[in-house]
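K.L.:
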Amino acid sequence: MVKPKNTTTTTATKKVEKKVAPVKKDTVAKAAPKTTTTTTTTTAPITNPITTPIDTSKDQSIYTKKRVLFTSTRGIGSKYRHLMTDLLNLIPHSKKEDKIDDKKTLSLVNEICELKSCNYAVLFDVRKGTDLYLWMAKTPLGPTVKFHVTNVHTLDELQMTGNCLKGSRPFLHFDKSFDTQPHLQLIKELLTQIYATPKGHVKSKPFFDHVFSFYFQDNRIWFRNYQISDQEFKKESLLTEIGPRMILNVEKIFSEGFGGQVLYSNPNFIAPNKNRLDQKLAKSNKYIKRKYQKEQSTERQKVSWIEPSEVDTIFEN
Numbered sequence: 001m002v003k004p005k006n007t008t009t010t011t012a013t014k015k016v017e018k019k020v021a022p023v024k025k026d027t028v029a030k031a032a033p034k035t036t037t038t039t040t041t042t043t044a045p046i047t048n049p050i051t052t053p054i055d056t057s058k059d060q061s062i063y064t065k066k067r068v069l070f071t072s073t074r075g076i077g078s079k080y081r082h083l084m085t086d087l088l089n090l091i092p093h094s095k096k097e098d099k100i101d102d103k104k105t106l107s108l109v110n111e112i113c114e115l116k117s118c119n120y121a122v123l124f125d126v127r128k129g130t131d132l133y134l135w136m137a138k139t140p141l142g143p144t145v146k147f148h149v150t151n152v153h154t155l156d157e158l159q160m161t162g163n164c165l166k167g168s169r170p171f172l173h174f175d176k177s178f179d180t181q182p183h184l185q186l187i188k189e190l191l192t193q194i195y196a197t198p199k200g201h202v203k204s205k206p207f208f209d210h211v212f213s214f215y216f217q218d219n220r221i222w223f224r225n226y227q228i229s230d231q232e233f234k235k236e237s238l239l240t241e242i243g244p245r246m247i248l249n250v251e252k253i254f255s256e257g258f259g260g261q262v263l264y265s266n267p268n269f270i271a272p273n274k275n276r277l278d279q280k281l282a283k284s285n286k287y288i289k290r291k292y293q294k295e296q297s298t299e300r301q302k303v304s305w306i307e308p309s310e311v312d313t314i315f316e317n
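Those letters in the sequence shown? Residues 1 to 317, per the UniProt record's numbering, in order.
1) Tell me, which residues are paired with residue 245 by DSSP?
2) On the DSSP bridge assignment, give the partners of residue 200 in chain order.
3) Just curious, the beta strand (DSSP E) that residue 136 is in, first and last residue?
4) Kindly indicate the opening and closing residues of the alpha helix (DSSP H) around residue 83.
5) At the level of alpha carbons, what is the spacing between residue 297 and residue 278?
6) Grouping DSSP H, G and I as helix and E and B as strand, with all else coil, what is residue 148?
7) Check whether the segment 266-274 and the segment 240-253 are in contact - that is, three or more C-beta pairs closer than 8 angstroms.
8) Please check the pair residue 177 and residue 184, which I expect to be a contact at CB under 8 angstroms, by giving their CB distance rounded to whole angstroms.
9) Please go through the same chain and pick out, in chain order, the residues whose beta-carbon is closer than 7 angstroms to the beta-carbon of residue 300, but skip the five residues on each side of it.
10) How long is the line joining the alpha carbons of residue 131 and residue 83, rounded to whole angstroms?
11) Rounded to a whole number of angstroms, what is the C-alpha to C-alpha distance between residue 48 and residue 79?
12) Between which two residues does the alpha helix (DSSP H) harbouring residue 182 extend?
13) Give me the Cβ distance between residue 75 and residue 129, rounded to the nearest whole Å; I'm assuming they're in contact under 8 angstroms.
14) Beta strand (DSSP E) containing residue 170: first to last residue?
15) Would you please state the rounded distance, in angstroms, between the beta carbons of residue 153 and residue 220? I believe it to be under 8 angstroms.
16) Could you check how far apart the C-beta atoms of residue 116 and residue 95 are, in whole angstroms? I think they sit under 8 angstroms.
17) Assuming residue 200 and residue 225 form a contact by the criterion Cβ under 8 angstroms, report the distance between their Cβ atoms to the nearest whole angstrom.
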């Protein structure tokens, strides 16, 4: 009779354990979602790249990539080729390209700039072996300025005492007259974008030791390059010329890269062919005038000629 009583107690304890066990599982399942909700709310605003502000206080010019393409047409002479090499040495953010065969389709320079990852282009266009036209353009949208270059003097030709390190950044100096007319303001902006070396460029040095000067006089732009040399025992600095020298005469300004609508045409520009024709006419006029004077002198001699009289022949017999 004792054994059956013990069996009832064991079954009762088993039933209690079965009832308690599901309660523990329910508490664990309810606590799990609370931890997941807290993690998602804290991490979402930090990882959003759109809402993070950009620090504009730092100089972003280091990250701007600016390259200038230098090229020329067939038939360029040695003097103009040396001028192009001098400008390449003075502009560290420049690239040199082979010569262009076809002079009629200058718009190919836009495609070359796209292949070489260049933003600006400088083209040396030589006509008849003597006339140099300098095209400066922002490719491919423009604008483009066409200059006629005269009075070119290279570094080897001048042999000035000034000197500057290769790759150093230049100061740009413009005359006050560049702010007076709209087309000069456009030319000033284009020249600054081409000749100014960007800060932090790989081939540039982080200091200034020379000045690019642009002066507007007699409807022409005069280019000079000076070295900044410090004098001993003096606070002021001295400028010594380095070279090269050239004079730019504006012919036309186009709206696109190497083409498009004409925005400005210089009314004072005279083509070099017309200058040569005027010189030939002046020489021919001198020849015609001299020929006319010779004919007049012969006619005067005929009129003023006196026949010999009988008195002159008395003593001959």
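Backbone N, C-alpha and C define an ideal beta-carbon position, used for all residues, glycine too.
P.N.:
On the basis of the coordinates in this document:
1) As computed with DSSP, residue 245 is found in a beta bridge with 153.
2) As computed with DSSP, residue 200 is found in no beta bridge at all.
3) Per DSSP, residue 136 belongs to the beta strand (DSSP E) from 131-138.
4) For residue 83, the uninterrupted alpha helix (DSSP H) run begins and ends at 78-90, by DSSP.
5) Near 28 angstroms, if we compare the C-alpha coordinates of residue 278 and residue 297.
6) Looking at residue 148 - three-state DSSP - the assignment turns out to be strand.
7) Taking a cut-off of 8 angstroms for Cβ pairs, the segment 266-274 and the segment 240-253 touch, as three or more such pairs fall below it.
8) Indeed they touch by this definition, with Cβ atoms about 7 angstroms apart.
9) Same-chain partners within the cutoff: there are none.
10) Computed Cα separation, rounded: 14 angstroms.
11) Confidence is the limiting factor: at residue 48 the pLDDT is only 40, short of 50, which leaves the residue's position unreliable and the question unanswerable from this model.
12) Run containing residue 182: 182-195, per the alpha helix (DSSP H) assignment.
13) Here residue 75 really is in contact with residue 129; their C-beta atoms are around 6 angstroms apart, less than 8 angstroms.
14) Judged by DSSP secondary structure, residue 170 falls within the beta strand (DSSP E) whose first and last residues are 168-174.
15) Their Cβ separation, rounded to whole angstroms, is 15 angstroms, which puts residue 153 and residue 220 out of contact at 8 angstroms.
16) Rounded, the Cβ-Cβ distance is 6 angstroms, consistent with contact.
17) A Cβ-Cβ distance of about 23 angstroms is found for the pair residue 200 and residue 225, leaving them out of contact under the 8 angstroms criterion.
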